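*Asks:* The structure follows.
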Amino acid sequence: MDEFQRYVERIPKIHLHCHLEGSLRAQTFLELTERDGISTRYRPGEDVAGPRDLDRVYAFADFQEFLLTFAAVSRALATPADYARLAREFVDDARAQRVVYGELFISPSVWAFFHPRLDLGEAVSAIAGELKAADGAEFRLIVDVTRNFGAESAMRTTLLASQLEDHGVIGVGLGGDEARFPADLFEDVFAFARSQGLHCVAHAGEAAGAESVRAAIDILRAERIGHGVRALEDPSVVELLRERKIALEVCPTSNFLTGTTSRERPHPLQDLDAAGVCVTIDADDPALFETSITGEYLYAARNVGVDALNRFILNAVDASFLDRESKQALRGRISAELRAAGANALGDVRA
Ligand code: HPA
Ligand code: ZN
Numbered sequence: 057m058d059e060f061q062r063y064v065e066r067i068p069k070i071h072l073h074c075h076l077e078g079s080l081r082a083q084t085f086l087e088l089t090e091r092d093g094i095s096t097r098y099r100p101g102e103d104v105a106g107p108r109d110l111d112r113v114y115a116f117a118d119f120q121e122f123l124l125t126f127a128a129v130s131r132a133l134a135t136p137a138d139y140a141r142l143a144r145e146f147v148d149d150a151r152a153q154r155v156v157y158g159e160l161f162i163s164p165s166v167w168a169f170f171h172p173r174l175d176l177g178e179a180v181s182a183i184a185g186e187l188k189a190a191d192g193a194e195f196r197l198i199v200d201v202t203r204n205f206g207a208e209s210a211m212r213t214t215l216l217a218s219q220l221e222d223h224g225v226i227g228v229g230l231g232g233d234e235a236r237f238p239a240d241l242f243e244d245v246f247a248f249a250r251s252q253g254l255h256c257v258a259h260a261g262e263a264a265g266a267e268s269v270r271a272a273i274d275i276l277r278a279e280r281i282g283h284g285v286r287a288l289e290d291p292s293v294v295e296l297l298r299e300r301k302i303a304l305e306v307c308p309t310s311n312f313l314t315g316t317t318s319r320e321r322p323h324p325l326q327d328l329d330a331a332g333v334c335v336t337i338d339a340d341d342p343a344l345f346e347t348s349i350t351g352e353y354l355y356a357a358r359n360v361g362v363d364a365l366n367r368f369i370l371n372a373v374d375a376s377f378l379d380r381e382s383k384q385a386l387r388g389r390i391s392a393e394l395r396a397a398g399a400n401a402l403g404d405v406r407a
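Rendered as structure tokens:
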């Protein structure tokens, strides 16, 4: 283990862009699909066989196939008990990595697509119960509306989100196929979400370009952007992000594996940071991308440096939806732990 690894393992971590379903352990996915006699692959309108070996169940070639893999995982989560297990294992994995705070995406419209009789409130309640039991870490939920199901479904999902405050739901997001279902379809949905006191975020600048990031800000009034890396295609959009202090939740491994950014070059997160954009480091769907929040922090530390990583972590505190006092307390705790970890683990990498 080198100094970077030692350092990254020790430091506190924050998830601002992590899909709970996309965190399902491959082993659990296999068990659930075996139990229900379903494939590990999902293709609309056809039955396809899927691999059953652990290291291949989450294989996909591009963004579209990734979305179908996400759907296959959601299909395997059939009952409130399955959602409780998903959350329980997530909490175990998060605690082992010293995650102290997270705002996690859930996609109930995808659950309902596969399981129309599933009581969505009960499933969210099962998740919330497990998340509340995590000691040393706190979690909130963001209901990710799926673009592919259109505006009416999005409105129903947002209405559901507005009724789940007691289960820690604090906002709505927008995921799915960004290129085919642009932001303007969801303007009314996000206006409704805001009227209900829900925070608004959106995936943008991942499968579509800089204009999609601008639309998420101007039309949806997104407070943070998931990915957003393709903002770099238009300097005026980068400037908009900087000026409005809208954070980008940057997920390097996700971007490499979906083809959002080239694997031949280092991830452009350094360019965004250098341009003055508020960058956070996130894992997206860690199990599907065979990564972890620790792995993404390690990538940032190796490629941009430990001081930059520390800044990205404190950016996540600022960009979180915690209230002012909680942010201040968390910032104090994290700063102290980063200093202590640096003093203990960093020799040459700092020098
Ligand atoms: N982008 C779009 N949709 C998604 C993602 C993502 O990163 N993760 C899960 N659904
Ligand atoms: Zn995502």
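Per my numbering, the very first residue in the sequence shown carries number 57; after that it's consecutive. Every residue, glycine too, gets a C-beta built ideally from N, C-alpha and C. From a predicted model like this one, the values you see are computed outputs, not experimental measurements.
At what residue ranges does the stretch 291-339 contain a whole run of the alpha helix (DSSP H), taking only runs of 4 or more?
*Replies:* The qualifying runs are 291-300, 308-314 and 325-330.
*Asks:* Please state the DSSP three-state secondary structure of L72.
*Replies:* Here L72 sits in strand by DSSP.
*Asks:* Might you give, ordered along the chain, the residues of its own chain that have their beta carbon closer than 7 Å to the beta carbon of A210, omitting 5 neighbours on each side?
*Replies:* If we look at A210 and ignore the five residues flanking it on each side, its Cβ neighbours are V201, F242 and V245.
*Asks:* If contacts are defined as beta-carbon pairs under 8 Å, then H73 and D340 qualify, I think. What distance do you get, rounded to the angstrom?
*Replies:* The Cβ separation is near 6 Å, so the contact holds.
*Asks:* What are the boundary residues of the beta strand (DSSP E) that includes R196?
*Replies:* E194 to T202 is the extent of the beta strand (DSSP E) around R196.
*Asks:* Taking contact to mean 3 or more Cβ pairs, one atom from each stretch, closer than 8 Å, check whether the stretch 123-141 and the stretch 93-106 are in contact.
*Replies:* These segments touch.
*Asks:* Starting from the C-beta of A263, find all residues in its chain whose C-beta is less than 8 Å away, skip the five residues before and the five after it, and write them out in chain order.
*Replies:* Contacts found: F119, D233, E234, A235, T314 and T316.
*Asks:* If we count the other Cβ atoms within 10 Å of its Cβ and call it buried at 16 or more, is E51 buried or exposed?
*Replies:* Residue numbering for the chain in the displayed model covers 57 to 407; residue 51 lies beyond these limits and cannot be assessed.
*Asks:* Going by beta carbon distance, what residues of the same chain come within less than 6 Å of F312, once the five residues before and after it are set aside?
*Replies:* Counting only Cβ-Cβ distances below 6 Å, and skipping sequence neighbours, we find R319.
*Asks:* Can you look up A407 in the DSSP assignment and give me helix, strand or coil?
*Replies:* Below a pLDDT of 50, predicted positions are generally treated as unreliable, and A407, at 45, falls in that range; no measurement from the model is reported.
*Asks:* Please confirm whether L254 has its beta-carbon closer than 8 Å to some beta-carbon of chain B.
*Replies:* Protein chain content of the structure displayed is limited to a single chain, and chain B is not contained in it.
*Asks:* Just to check my reading of the structure: A140 and A182 have Cβ atoms closer than 8 Å, yes? What is that Cβ distance to the nearest angstrom?
*Replies:* About 4 Å separates the two Cβ atoms, so the contact holds.
*Asks:* Flag H75 as yes when its Cβ comes closer than 7 Å to any non-hydrogen atom of ligand 2, and as no otherwise.
*Replies:* Yes, ligand 2 has a heavy atom inside 7 Å of this Cβ.
*Asks:* With a Cβ-Cβ cutoff of 8 Å, do T96 and A128 count as a contact?
*Replies:* Their beta carbons are under 8 Å apart, which means T96 touches A128 by this criterion.
*Asks:* Pull up the distance between the alpha-carbon of G252 and that of S218, whole angstroms please.
*Replies:* First, the residue type needs correcting, since residue 252 is Gln and not Gly in the sequence shown. So the alpha carbons of these two residues sit roughly 6 Å apart.
*Asks:* What's the gap between the Cα of S292 and the Cα of A266?
*Replies:* Going by the C-alpha atoms only, they are around 9 Å apart.
*Asks:* Can you give the Cα-Cα distance for I70 and F205, rounded to whole angstroms?
*Replies:* When rounded, the distance between both Cα atoms is 30 Å.
*Asks:* Could you pull the start and end residues of the beta strand (DSSP E) that F161 belongs to?
*Replies:* V155 to I162 is the span of the beta strand (DSSP E), which, as asked, contains F161.
*Asks:* Among E159, L176 and F161, which one has its Cα closest to the Cα of W167?
*Replies:* Measuring from the Cα of W167, the nearest candidate turns out to be L176.
*Asks:* With a cut-off of 8 Å, do at least 3 Cβ pairs link the stretch 298-309 to the stretch 106-120?
*Replies:* Verdict: no, contact absent.
*Asks:* Tell me where the beta strand (DSSP E) around L230 begins and ends.
*Replies:* Counting along the chain, the beta strand (DSSP E) containing L230 begins and ends at V225 to G231.
*Asks:* Can you have a look at L352 and say buried or exposed, based on whether 16 or more other CB atoms are within 10 angstroms of its CB?
*Replies:* Reading off the sequence shown, one finds Glu at residue 352, where the question assumed Leu. Burial call: buried.
*Asks:* Taking 7 Å as the cut-off, is the beta-carbon of G231 closer than that to any non-hydrogen atom of ligand 2?
*Replies:* G231: yes, Cβ under 7 Å from ligand 2.
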